[in-house]
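Below is one structure; the comments refer to it alone.
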Amino acid sequence: MANIRLLKSGNALFIPMLIIGILYFIIGVGVGISSFLTPFLKDALHLTVTQSYLVPVAVFSAYVIFGAPAGWVVSKAGYKRSIAWSLFIMSFGTLLFVPSANRANLSAFLLAFFMVGTGKTLLMVSVNPYITIIGPQEGTVMRMCIIGILNKLAWWICPVFLGLFLNLNNVKLDQVSLPFYIITGILIALGTFMYFAPLPEVQAPGENESKTSDTGGYPDGATSIFQIPHLFFGVLALFFYIGVEILPIASVIDFAKVVFGEGVENPSGFSRYVPIGMCIGYVFGVFMIPKIITHTRALRLFSVIGFASSLCLILLPGKIAIYCLAAIGFANSIMWGAIWQLALADLGRFTKKGASFLVMSLVGAAVFPFIFGYIIDIFKTTEIPIVSDYQNAYWIFIPAYLFILYYGKLGYKIRRI
């Protein structure tokens, strides 16, 4: 296997980063198309409110159920083959959307989401540690930001791509099969390419050690992954992070309707502010980390920005506060890469298993919106929520950013229980 030291030069890193970048860009297009078409499938199936909640459960339960097994698969098959197999699994899931639409079958619909979630679980368990260890540790956040830019840019292409096949102002159920067939074909082709791609199979320092006395940066050795506290603090930090990343995107349109009234034109336009803020943050990460600021200081700085922006979102008048969601998107941008880098540091032979635990924490993307909606229901005094109800619910951001700040200051340093 390739030695990690061989990939520290810019020339050696270029091909792997190019391949991973193309991978994330194409996946971004596919996921964006699926996200755009999913509401039409929900309407076609006439789902009740309770049934609609089964959709995120189907996706994020895969993270919990297959998080640990995915780590085992990566340890046996390696990073490259695991990436390829994850794409094949996702392609099977996207293909299942076709019969779910044609037959209006809820079970097939949920199975499709579950299979896509299973594939994404394996993909994240393999890709994220790969990006972390493929080059110098101090450049991890920069590499994650580059990938993030490509992934977010792909979302802007989705409407253009769909416009080639559909009337976006009047999407009909019998028209959605072709885009899903195309997504399936793309994922299969991409999986085949990844299987044979010249992607070096790298290892984290100490990953091939079998002795319990030699585990990364743990001088006394660790006989179990449960003896590594900074990893599990990282799991909790990533749980909070994914919650504060997803919630602004999930809530901004409804918040805009409440702030400006149901008569507001194109409330979905406000959904652009959060990814724009994230892209600006990604650019900051590419050019500033680690040249100007270290990833740990950046994590602390952006946690403070997220905390301050959340207070402004909560306390300012609604018509001003809504734009704070863009600042929150900016604050969230570098956290993913920074937390992954800190949590996987010094894991040695536990690297792949540690990555599987980190992926399991992404269930926070389902937990946070649920808690957010529950808080709104508690505070609302009218049938339709008002601005203050949403702002009361946004207090959920505060403890999340405080814990991420703690992790960037002290939590990542804890090496012994």
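Just so you know, we're using the working numbering here: the sequence shown kicks off at 1044 and counts up by one. C-beta atoms are modelled at their ideal positions from N, C-alpha and C, and glycine is treated no differently. Model, not experiment: these values are computed from the prediction.
Mark S1267 as exposed unless 16 or more other C-beta atoms lie within 10 angstroms of its C-beta, in which case mark it buried. For this step, residue 1267 is matched to residue 224 along the sequence shown. That one is exposed.
Considering only C-alpha positions, which residue in the set I1447, L1401 and Y1173 is nearest to V1347? By 1-based counting over the sequence shown, the position of residue 1347 is 304. Closest by C-alpha distance to V1347, out of I1447, L1401 and Y1173, is I1447.
Under the three-state reduction of DSSP, which class applies to T1425: helix, strand or coil? Position 382 of the sequence shown holds residue 1425. Shown here, T1425 sits in coil according to DSSP, grouped into three states, outside any helix or strand.
Please return the same chain residues whose Cβ sits closer than 7 angstroms to the Cβ of Y1106, not counting the five positions on each side in sequence. As a working mapping, residue 1106 is identified with position 63 in the sequence shown. G1160, T1164, V1402, M1403, L1405 and V1406.
Suppose you measure from the CA of V1307 to the CA of M1158; what does that come to, to the nearest Å? In the sequence shown, the residue the question calls residue 1307 occupies position 264. In the sequence shown, the residue the question calls residue 1158 occupies position 115. Within the model, the alpha-carbon separation for V1307 versus M1158 is close to 37 angstroms.
Do the CB positions of I1174 and V1326 come within less than 9 angstroms of each other? Taking the first residue of the sequence shown as 1, we reach residue 1174 at position 131. Taking the first residue of the sequence shown as 1, we reach residue 1326 at position 283. The Cβ atoms of I1174 and V1326 lie no closer than 9 angstroms to each other.
Look at the Cβ atom of S1125, then the Cβ atom of S1169, and state whether they are nearer than 9 angstroms. Against the sequence shown, residue 1125 aligns to sequence position 82. Against the sequence shown, residue 1169 aligns to sequence position 126. When the beta-carbon positions are compared, S1125 and S1169 come within less than 9 angstroms of each other.
Closest Cβ-Cβ distance between G1071 and chain D: below 9 angstroms? Going by chain labels, chain D is absent from the structure shown, which holds only one protein chain.
Would you tell me roughly how many angstroms separate the C-alpha atoms of A1147 and L1088, rounded to the nearest one? Within the sequence shown, the letter at position 104 stands for residue 1147. Within the sequence shown, the letter at position 45 stands for residue 1088. Cα to Cα, the separation comes out at about 5 angstroms.
Can you tell me which of the three DSSP states A1101 falls into? In the sequence shown, the residue the question calls residue 1101 occupies position 58. In this structure, A1101 counts as helix in the three-state DSSP scheme.
Pull up the CB-CB distance for G1228 and V1287, whole angstroms please, since I reckon it's below 8 angstroms. As a first step, residue 1228 must be located in the sequence shown, where it is residue number 185. As a first step, residue 1287 must be located in the sequence shown, where it is residue number 244. Their Cβ separation, rounded to whole angstroms, is 35 angstroms, which puts G1228 and V1287 out of contact at 8 angstroms.
In this structure, how does DSSP classify Q1180 when only helix, strand and coil are distinguished? Reading the sequence shown from its first residue, position 137 is the one you call residue 1180. In the structure shown, Q1180 sits in a helix (DSSP, three-state: H, G or I).
Select from G1277, I1419, F1068 and F1440 the residue whose C-alpha is nearest the C-alpha of I1289. Residue numbering aside, residue 1289 sits at position 246 when the sequence shown is read from its first letter. Nearest Cα to I1289 within the set G1277, I1419, F1068 and F1440: F1440.
Skipping 5 residues on each side, what residues in its chain have a beta carbon closer than 6 angstroms to that of G1454? Counted from its first residue, the sequence shown places residue 1454 at position 411. Within the same chain, G1454 has close Cβ partners F1276.
Sequence ranges, alpha helix (DSSP H) only - wholly within the region 1401 to 1425, length at least 4: For secondary structure counted as the alpha helix (DSSP H) over 4 or more consecutive residues, the region 1401 to 1425 holds these complete runs in sequence order: 1407 to 1422.
Considering only their Cβ atoms, is the gap separating G1324 from A1374 smaller than 9 angstroms? The residue labelled residue 1374 in the question sits at position 331 within the sequence shown. The residue labelled residue 1324 in the question sits at position 281 within the sequence shown. A contact, by the Cβ cut-off of 9 angstroms.
May I ask you to report which of helix, strand or coil DSSP gives H1338? Against the sequence shown, residue 1338 aligns to sequence position 295. DSSP places H1338 in helix when its eight states are reduced to three.
Going by DSSP in three states, D1389 sits in which element: helix, strand or coil? For the purposes of this step, residue 1389 is identified with residue 346 of the sequence shown, where counting begins at 1. The answer is coil: DSSP assigns D1389 none of H, G, I, E or B.
What alpha helix (DSSP H) runs, 4 residues minimum, are completely inside the region 1276 to 1355? The qualifying runs are 1316 to 1331.
Would you kindly work out how many angstroms separate the C-alpha atoms of I1421 and Y1437, rounded to a whole number? Along the sequence shown, read from residue 1 onward, the residue named residue 1421 stands at position 378. Along the sequence shown, read from residue 1 onward, the residue named residue 1437 stands at position 394. Those two C-alpha atoms are separated by around 13 angstroms.
Exposed unless 16 or more other CB atoms sit within 10 angstroms - verdict on S1150: The sequence position of residue 1150 within the sequence shown is 107, counting from 1. For S1150, the number of other beta carbons within 10 angstroms of its own is below 16, and it is reported as exposed.
D1297: which of G1416, V1245, I1070 and I1225 sits nearest, CA to CA? Here residue 1297 is taken as the residue at index 254 of the sequence shown, counted from 1. Of the candidates G1416, V1245, I1070 and I1225, G1416 places its Cα closest to the Cα of D1297.
Alpha-carbon spacing of K1425 relative to I1418, whole angstroms: In the sequence shown, counting from the first residue as 1, residue 1425 sits at position 382. In the sequence shown, counting from the first residue as 1, residue 1418 sits at position 375. It should be pointed out that residue 1425 corresponds to Thr in this sequence rather than to Lys. Take the alpha-carbon of T1425 and the one of I1418: they are about 14 angstroms apart.
Once you ignore the five residues that flank F1140 on each side, which residues in its own chain have a CB closer than 6 angstroms to its CB? In the sequence shown, the residue the question calls residue 1140 occupies position 97. The residues are A1155 and F1223.
Measuring CB to CB, does K1395 end up less than 9 angstroms from G1110? Here residue 1395 corresponds to residue number 352 of the sequence shown, with the count starting at 1. Here residue 1110 corresponds to residue number 67 of the sequence shown, with the count starting at 1. Not a contact, by the Cβ cut-off of 9 angstroms.
Cβ separation of G1320 and A1369, assumed to be a contact under 8 angstroms, to the nearest whole Å: In the sequence shown, counting from the first residue as 1, residue 1320 sits at position 277. In the sequence shown, counting from the first residue as 1, residue 1369 sits at position 326. Contact holds; Cβ gap of about 4 angstroms.
Since V1302 and I1365 are thought to touch, with beta carbons under 8 angstroms apart, how far apart are those beta carbons, to the nearest angstrom? Within the sequence shown, the letter at position 259 stands for residue 1302. Within the sequence shown, the letter at position 322 stands for residue 1365. With a Cβ gap of about 5 angstroms, V1302 and I1365 count as contacting.
Alpha carbon to alpha carbon, what distance is there between V1329 and N1194? Here residue 1194 corresponds to residue number 151 of the sequence shown, with the count starting at 1. Here residue 1329 corresponds to residue number 286 of the sequence shown, with the count starting at 1. Rounded to the nearest angstrom, the two C-alpha atoms are 15 angstroms apart.
Between the alpha carbons of P1241 and I1377, how many angstroms are there, rounded? In the sequence shown, the residue the question calls residue 1241 occupies position 198. In the sequence shown, the residue the question calls residue 1377 occupies position 334. Those two C-alpha atoms are separated by around 28 angstroms.
Would you decide whether R1343 is buried or exposed? Buried here means 16 or more other CB atoms lie within 10 Å of its CB. As a position in the sequence shown, residue 1343 is number 300, starting the count at 1. R1343 is buried by the Cβ-count criterion.
List in chain order: all unbroken alpha helix (DSSP H) runs of 4+ residues lying wholly within the region 1113 to 1196. Listed in chain order, they are 1122 to 1145 and 1149 to 1176.
Restricting to Cα atoms, I'd like to know which of K1423, L1387, I1070 and H1273 is closest to I1190. On the sequence shown, position 147 is the one that residue 1190 refers to. For the residues K1423, L1387, I1070 and H1273, the minimum Cα distance to I1190 belongs to I1070.
Are at least three pairs of beta-carbons, each pair with one atom in the region 1332 to 1340 and one in the region 1351 to 1366, less than 8 angstroms apart? These segments do not touch.
Does the Cβ of P1243 have 16 or more other Cβ atoms within 10 Å, making it buried, or fewer, making it exposed? For this step, residue 1243 is matched to residue 200 along the sequence shown. Per the 10 Å Cβ criterion, buried.
Can you look up Y1238 in the DSSP assignment and give me helix, strand or coil? The residue labelled residue 1238 in the question sits at position 195 within the sequence shown. Annotated three-state conformation of Y1238 is helix, per DSSP.
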